[in-house]
Amino acid sequence: MASFRDRWTVLGERVLLARPPYVTVTQQQVRTSAGATIDDFYRVDLASFAVCVPQLADGGIMTLWQYKHGPQAYGLSFPAGYLEPGEEPLAACQRELLEETGLAGGDWSHLGSFVDNGNQRGSLGHFYLATGCHFAGEPDHGDLEEMELRVMRPNEIDAALAAGQIQILHHAAAWSLARGALLG
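Quick note on the numbering used here: the sequence shown kicks off at 1 and runs consecutively.
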């Protein structure tokens with residue numbers, strides 16, 4: 001007998017929009033574990049990404065302050081970016097940290113990997129904490145990324161989150177996961 005825990009079966013799929021590697025929208029016909037057939041289940045696949053919270057040797061946290069067009073707001077974020085084809089999440093996170101801040105990490109902790117939408121999927125995000133970070137070069141964050149780097153204390157980041165200055169769920173989640181690992 002089927003259980004509600006069983007995986008659904010994809011009976012058919014039609015691609016409605018494909019703009020690799022950033023977004024693919026499909027319409028699926030699926031059979032649920034209870035046997036019901038859904039003819040128009042939509043799935044949105046977005047590029048996988050990695051994000052890290054970088055802690056310096058003195059305990060400060062390097063943050064990025066920038067405009068992001070998704071929320072259409074200026075706010076606090078952490079080094080993050082898409083995984084290149086074939087790139088491992090940790091390597092992507094280390095690359096983004098160096099490009100965006102000029103930092104390299106000492107010790108890396110994987111805080112988890114999560115899908116951001118339980119129904120349509122969205123992106124797969126990989127979250128890291130990098131401790132003992134040190135300056136290893138000049139930032140080279142590209143043409144579309146203008147940002148201000150700020151070293152903040154954990155209580156200042158908590159206040160920024162409470163004030164609505166972290167508008168992107170992935171960055172709020174990164175801080176929550178890292179804060180738990182750092183402060184217990």
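Glycine is no exception: its CB is placed at the ideal position from the N, C-alpha and C atoms.
Assignment of aspartate 40 by DSSP, reduced to helix, strand and coil, places it in the strand class. In this structure, Met147 is the residue among Asp158, Ala80, Met147 and Trp175 with its C-alpha nearest to the C-alpha of alanine 73.
A direct Cα-to-Cα measurement between glycine 102 and valine 15 gives close to 40 Å. A direct Cα-Cα distance of roughly 34 Å separates isoleucine 166 from glutamine 28. With 16 or more other Cβ atoms inside 10 Å of its own Cβ, valine 53 counts as buried. In the DSSP assignment, histidine 126 is bridged to Ala50 and Ser113.
Note that the C-beta distance between threonine 63 and leucine 83 is not below 8 Å.
When the five nearest sequence neighbours on each side are left out, the beta carbons in the same chain lying within less than 8 Å of the beta carbon of alanine 181 are those of Ser109, Leu111 and Leu129, in order along the chain.
By DSSP's assignment, methionine 62 forms a beta bridge with Val151.
Contact between alanine 50 and histidine 126 holds, with the beta-carbon distance rounding to 4 Å and staying under 8 Å. Secondary structure of glutamine 165 (DSSP, three-state): coil. Exposed is the label assigned to phenylalanine 4, since fewer than 16 other Cβ atoms lie within 10 Å of its Cβ.
Around the beta carbon of proline 89, 16 or more other beta carbons sit within 10 angstroms, so the residue counts as buried.
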